[in-house]
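**Student:**
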Amino acid sequence: MSDQTDLSFAAKNAPAEGVVVVLAEEGPKLTPSAQDLDKKAKGLLARAAGITGFKGKKDSSVDLLAPQGLKFARLVLAGTGKTSTYSAEDWLNLGGSLRGLLTGKESPSAHIFVETADGKIAPADVARFALGTVLRGYKFQKYKTKKPKKDGAGDANDRTLKKIVIHCPDPKAAARAFAADQAIAAGVTLARDLVNEPANVLGPAEFAARAKALTKLGVQVEVLGEQALKKLGMNALLAVGQGSDRPSHVVVMQWKGAGAKGGDPIAIVGKGVTFDSGGISLKPAAGMEDMKGDMAGAACVVGLMQALAQRKAKVNAVGIIGLVENMPSGRAQRPGDVVKAMSGQTIEVLNTDAEGRMVLADCLWYAQTRFKPKVLINLATLTGAVMVALGKEHAGIFSNNEELAARLMTAGLATGEKLWRLPLGPKYDKMIDSKVADMKNTGGKWGGSISAAQFLQRFIKDGTAWAHLDIAGTAMSSVDSEINRSWGSGFGVRLLDGLIGEHYEKR
Ligand code: BES
Ligand code: MN
Ligand code: ZN
0 MSDQTDLSFA AKNAPAEGVV VVLAEEGPKL TPSAQDLDKK AKGLLARAAG
50 ITGFKGKKDS SVDLLAPQGL KFARLVLAGT GKTSTYSAED WLNLGGSLRG
100 LLTGKESPSA HIFVETADGK IAPADVARFA LGTVLRGYKF QKYKTKKPKK
150 DGAGDANDRT LKKIVIHCPD PKAAARAFAA DQAIAAGVTL ARDLVNEPAN
200 VLGPAEFAAR AKALTKLGVQ VEVLGEQALK KLGMNALLAV GQGSDRPSHV
250 VVMQWKGAGA KGGDPIAIVG KGVTFDSGGI SLKPAAGMED MKGDMAGAAC
300 VVGLMQALAQ RKAKVNAVGI IGLVENMPSG RAQRPGDVVK AMSGQTIEVL
350 NTDAEGRMVL ADCLWYAQTR FKPKVLINLA TLTGAVMVAL GKEHAGIFSN
400 NEELAARLMT AGLATGEKLW RLPLGPKYDK MIDSKVADMK NTGGKWGGSI
450 SAAQFLQRFI KDGTAWAHLD IAGTAMSSVD SEINRSWGSG FGVRLLDGLI
500 GEHYEKR
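Numbering of the sequence shown is given in numbering that gives the first Met the number 0, commencing with residue 0 and proceeding in unit increments.
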């Protein structure tokens with residue numbers, strides 16, 4: 000669920016109560032607001048800093064409860080290190096880590112004074128900081144039936160913080176800059192909510208209904224049911240879903256923010272396997288529960304489309320998601336089956352657990368034939384092997400286009416949603432040649448992420464600039480970070496929003 004904390008911007012000299020956070024740079028060099036309070040409290044901050052050996056280093060802080068001479072419940076002096084070298088991501092992470100210090104325990108309201116040691120800060124950096132606080136505040140609590148304990152026992156963040164006020168030099172400009180970041184925060188929140196949702200609640204139809212809700216923001220949403228998919232010839236996608244009692248769906252979302260003159264759209268395709276049991280090639284029991292998150296690619300696409308619409312991005316974008324449940328049953332596809340994909344190519348199904356590529360094959364083909372996109376990007380929790388290669392720090396990127404790959408990698412560095420490029424090539428492609436069909440859906444023991452990408456590339460037309468992001472390690476079962484404590488990270492929303500803002504939006 001989204002952070003329930005209300006966020007606003009105020010002038011530096013506006014009144015503050017409750018919990019107050021002021022900053023110091025390395026030294027420690029107290030910011031003007033920190034110096035002010037120090038004076039009012041007769042040197043209390045400087046003394047406390049001295050006693051604890053606080054030097055203003057990043058991730059260090061001094062904490063004072065009921066500070067003498069001040070009416071605050073709690074006063075925090077937080078170190079920033081050297082802000083002269085800060086990137087946008089550093090401000091984002093600072094917002095996240097300071098939000099992490101606020102439990103709501105001492106007071107329901109917090110006031111953070113954001114500025115550098117010379118009393119300045121750009122409104123865009125304040126907005127990034129604010130985004131960090133919102134992302135860090137996210138908690139999926141939908142299924143918690145017990146109210147948090149008064150003393151905050153158990154989880155420090157269980158007490159809900161009601162209000163954060165960010166004090167800065169130009170609050171009006173900061174609020175204006177934050178409008179876009181707020182749309183991004185809402186998009187990431189939606190993506191996280193979808194990934195965290197259990198599969199009994201969120202099957203293909205329920206997921207489609209959530210995507211349909213984007214209509215109210217001006218996104219055109221079409222939901223294709225099994226009859227329509229059969230007519231289109233999406234037999235690879237349908238084969239994956241045929242073992243489930245819950246029918247498959249494809250959702251097409253169009254945001255036409257650049258109008259007719261904007262030209263061909265950028266298309267984003269997402270894998271939406273709402274639960275991946277493996278099918279007849281059943282997965283082992285241990286960890287199978289994680290496969291409720293096998294729709295993280297689709298969740299990212301929906302979150303991104305919402306962010307673009309909410310911030311009225313001047314871009315023509317199409318989002319396409321393939322929603323299926325991969326289950327074993329008397330109707331399920333078998334290893335050895337041969338199916339004909341929408342492109343006309345045949346696939347020998349050697350392993351029903353290599354299902355994501357079959358779903359994407361039809362969605363990618365559909366995206367190209369219907370929309371002729373200038374750029375085509377897909378996201379998928381496609382292989383466990385990408386985690387063997389890259390761990391959870393980078394998502395894998397495969398691309399047939401140098402410019403697109405470079406732009407994505409740069410957007411990754413700018414947003415902190417980092418990508419690492421892996422190779423494609425004819426020798427790898429040979430790994431998926433089949434004796435009985437045009438290709439098989441597994442490539443053998445080695446380079447599992449690469450043979451999966453090669454499979455997808457067989458459904459990419461010559462001349463389409465395409466990139467595949469394997470997000471199995473970054474979108475779910477996430478490691479804690481400054482801006483995320485949720486199982487589903489919402490990976491990809493900020494990355495692709497950044498890419499679009501930088502390269503595909505009319506100014
Ligand atoms: N959804 C999985 C990949 C996955 C694994 C995502 C772990 C997140 C965490 C995918 O459908 C899958 O099962 N891939 C197989 C492919 C194999 C059968 C060729 C894999 O990675 O083992
Ligand atoms: Mn699978
Ligand atoms: Zn899967």
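Built from N, CA and C at the ideal position, the CB exists for glycine as well.
Keep in mind that this is a model prediction, so the values were computed, not measured.
Hey, quick one: how far does the beta strand (DSSP E) through Val-75 stretch, first residue to last?
**Tutor:** Within the sequence shown, residue 75 is the residue found at index 76, counting from 1. 73-78 is the span of the beta strand (DSSP E), which, as asked, contains Val-75.
**Student:** Does the beta-carbon of Asp-263 have 16 or more other beta-carbons within 10 angstroms, so that it is buried, or is it exposed?
**Tutor:** Position 264 of the sequence shown, counted from the start, is the residue given in the question as residue 263. Classification for Asp-263: exposed.
**Student:** How is the beta strand (DSSP E) around Arg-420 delimited, first residue to last?
**Tutor:** Sequence index remark: in the sequence shown, residue 420 carries index 421 (1-based). From DSSP, the beta strand (DSSP E) with Arg-420 extends over 418-420.
**Student:** Assuming contact is defined by CB atoms lying nearer than 8 Å, are Ala-23 and Gly-99 in contact in what I supplied?
**Tutor:** Along the sequence shown, one-based indexing puts residue 23 at 24. Along the sequence shown, one-based indexing puts residue 99 at 100. Cβ distance not < 8 Å, so Ala-23 and Gly-99 don't count as in contact.
**Student:** Let's test the definition: count the other Cβ atoms within 10 Å of the Cβ of Ser-445 and tell me whether it reaches 16, buried, or not, exposed.
**Tutor:** By one-based count along the sequence shown, residue 445 stands at place 446. According to the sequence displayed, residue 445 carries Trp and not Ser. So Trp-445 counts as exposed.
**Student:** Using a Cβ distance threshold of 8 Å, determine whether the segment 310-320 contacts the segment 250-257, with at least three qualifying pairs required.
**Tutor:** Contact holds: three or more Cβ-Cβ distances are below 8 Å.
**Student:** The alpha helix (DSSP H) spanning Asn-377 covers which residue range?
**Tutor:** Residue 377 sits at position 378 when you count from the first residue of the sequence shown. Element bounds for Asn-377: not the alpha helix (DSSP H) but the beta strand (DSSP E), 374-379.
**Student:** When every heavy atom of the ligand ZN is checked, does at least one fall within less than 7 Å of the C-beta of Gly-355?
**Tutor:** Locating residue 355 in the sequence shown gives position 356, where the first residue counts as 1. Under cutoff, so the answer is yes.
**Student:** On the three-state DSSP scale, how would you describe Leu-29?
**Tutor:** Stepping through the sequence shown from its first residue, residue 29 is reached at position 30. Strand, per DSSP.
**Student:** Could you tell me which uninterrupted beta strand (DSSP E) segments, each at least 3 residues in length, are contained entirely in the segment 211-293, listed from first to last along the chain?
**Tutor:** The segment 211-293 contains these whole beta strand (DSSP E) runs: 219-223, 248-255, 265-275.
**Student:** When we look at the beta-carbon of Leu-412 and count the other beta-carbons within 10 Å, is it buried (16 or more) or exposed?
**Tutor:** Within the sequence shown, numbered from 1, the residue matching residue 412 stands at position 413. By the neighbour-count rule (16 or more Cβ atoms within 10 Å), Leu-412 is not buried but exposed.
**Student:** In chain order, what are the residue ranges of uninterrupted alpha helix (DSSP H) at least 4 long that sit wholly in the segment 63-136?
**Tutor:** Counting whole runs of 4 or more residues, the segment 63-136 contains the alpha helix (DSSP H) stretches 87-100, 122-136.
**Student:** Could you tell me whether the segment 448-460 touches the segment 351-359, where touching means 3 or more Cβ pairs closer than 8 Å?
**Tutor:** Touching, yes.
**Student:** Could you give the DSSP three-state label for Asn-195: helix, strand or coil?
**Tutor:** Here residue 195 refers to the residue found at position 196 when the sequence shown is read from its first residue. Asn-195 falls in the helix class under three-state DSSP.
**Student:** In the DSSP assignment, find the alpha helix (DSSP H) that holds His-393 and state where it starts and stops.
**Tutor:** The residue given as residue 393 occupies position 394 in the sequence shown. Element bounds for His-393: n/a, residue is neither H nor E.
**Student:** With H, G and I counted as helix, E and B as strand and the rest as coil, what does DSSP make of Val-478?
**Tutor:** For the purposes of this step, residue 478 is taken as residue 479 along the sequence shown, with counting starting at 1. Coil at Val-478, not helix or strand.
**Student:** State yes or no: is the C-beta of Gly-321 nearer than 7 Å to some heavy atom of the ligand BES?
**Tutor:** On the sequence shown, residue 321 is found 322 positions in, with the first residue counted as 1. No; taking the cut-off as 7 Å, the Cβ of Gly-321 has no heavy atom of the ligand BES nearer than that.
**Student:** Can you tell me which of the three DSSP states Glu-16 falls into?
**Tutor:** By 1-based counting over the sequence shown, the position of residue 16 is 17. Note: Glu-16 maps to coil in three-state DSSP.
**Student:** Over what stretch of residues does the alpha helix (DSSP H) that includes Phe-458 continue unbroken?
**Tutor:** Locating residue 458 in the sequence shown gives position 459, counting from the first residue. Counting along the chain, Phe-458 falls outside any alpha helix (DSSP H), and DSSP gives it neither H nor E.
**Student:** Rounded to the nearest angstrom, how far is the Cβ of Gly-17 from that of Ser-83, given a contact under 8 Å?
**Tutor:** Reading the sequence shown from its first residue, position 18 is the one you call residue 17. Reading the sequence shown from its first residue, position 84 is the one you call residue 83. Actually they are not in contact, since the Cβ atoms of Gly-17 and Ser-83 sit about 31 Å apart, beyond 8 Å.
**Student:** List the residues that DSSP assigns as beta-bridge partners of His-502.
**Tutor:** Numbered from 1 along the sequence shown, position 503 holds the residue referred to as residue 502. Its beta-bridge partners do not exist; DSSP assigns none.
**Student:** I need the straight-line Cα distance from Leu-494 to His-166, nearest angstrom please.
**Tutor:** As a first step, residue 494 is located in the sequence shown; it is residue number 495 there, counting from the start. As a first step, residue 166 is located in the sequence shown; it is residue number 167 there, counting from the start. Cα-Cα distance, rounded: 28 Å.
**Student:** Just to confirm my understanding: we take Gly-278, look at its own chain, exclude 5 residues before and 5 after, and list those with CB closer than 7 Å. What are they?
**Tutor:** Position 279 of the sequence shown holds residue 278. Closer than 7 Å at the Cβ level, and outside the excluded window around Gly-278, lie Gly-242, Asn-325, Met-326, Pro-327, Ala-331, Gln-332, Thr-351, Asp-352, Glu-354.
**Student:** Compute the Euclidean distance between the alpha carbons of Gly-49 and Asn-483, then round it to the nearest angstrom.
**Tutor:** Taking the first residue of the sequence shown as position 1, residue 49 is located at position 50. Taking the first residue of the sequence shown as position 1, residue 483 is located at position 484. Gly-49 and Asn-483: Cα-Cα distance of roughly 32 Å.
**Student:** For Gln-367, does the count of other Cβ atoms within 10 angstroms reach 16, so buried, or fall short, so exposed?
**Tutor:** For the purposes of this step, residue 367 is taken as residue 368 along the sequence shown, with counting starting at 1. Its Cβ being crowded by 16 or more others within 10 Å, Gln-367 is buried.
**Student:** Can you give the Cα-Cα distance for Leu-160 and Gly-94, rounded to whole angstroms?
**Tutor:** Locating residue 160 in the sequence shown gives position 161, where the first residue counts as 1. Locating residue 94 in the sequence shown gives position 95, where the first residue counts as 1. Answer to the nearest angstrom: the Cα atoms are 15 Å apart.
**Student:** Rounded to whole angstroms, what's the CA-CA distance from Gly-487 to Ser-280? Just pull it up for me.
**Tutor:** As a working note, residue 487 is residue 488 in the sequence shown. As a working note, residue 280 is residue 281 in the sequence shown. Straight-line Cα distance between these residues: approximately 26 Å.
**Student:** Measuring only the C-alpha atoms, how far is Asn-400 from Leu-134?
**Tutor:** Along the sequence shown, read from residue 1 onward, the residue named residue 400 stands at position 401. Along the sequence shown, read from residue 1 onward, the residue named residue 134 stands at position 135. Asn-400 and Leu-134: Cα-Cα distance of roughly 32 Å.
**Student:** Indicate whether Gly-395 and Ile-320 have their beta-carbon atoms separated by less than 8 Å.
**Tutor:** On the sequence shown, position 396 is the one that residue 395 refers to. On the sequence shown, position 321 is the one that residue 320 refers to. Taking 8 Å as the Cβ cut-off, Gly-395 and Ile-320 do not qualify as a contacting pair.
**Student:** What did DSSP end up calling Trp-465 once you bin it into helix, strand or coil?
**Tutor:** Counting from one through the sequence shown, the residue named residue 465 turns up at place 466. Three-state DSSP puts Trp-465 in a strand.
**Student:** Is it right to say Lys-138 is buried, meaning 16 or more other beta carbons lie within 10 angstroms of its own, or is it exposed?
**Tutor:** Within the sequence shown, residue 138 is the residue found at index 139, counting from 1. By the 10 Å Cβ count, Lys-138 comes out buried.
**Student:** Can you give me the Cβ contacts of Glu-481 inside the same chain, cut-off strictly under 6 Å, excluding the 5 residues immediately before and after it?
**Tutor:** Working through the sequence shown from its first residue, we reach residue 481 at position 482. Only Asn-92, Gly-95, Ser-96 meet the Cβ criterion.
**Student:** Return helix, strand or coil for Asp-35, following the three-state DSSP convention.
**Tutor:** Within the sequence shown, the letter at position 36 stands for residue 35. Three-state result, Asp-35: helix.
**Student:** Once you ignore the five residues that flank Lys-311 on each side, which residues in its own chain have a CB closer than 8 Å to its CB?
**Tutor:** Counting from one through the sequence shown, the residue named residue 311 turns up at place 312. Around Lys-311: Gly-256.
**Student:** Can you look up Met-438 in the DSSP assignment and give me helix, strand or coil?
**Tutor:** Residue numbering aside, residue 438 sits at position 439 when the sequence shown is read from its first letter. Here Met-438 sits in strand by DSSP.
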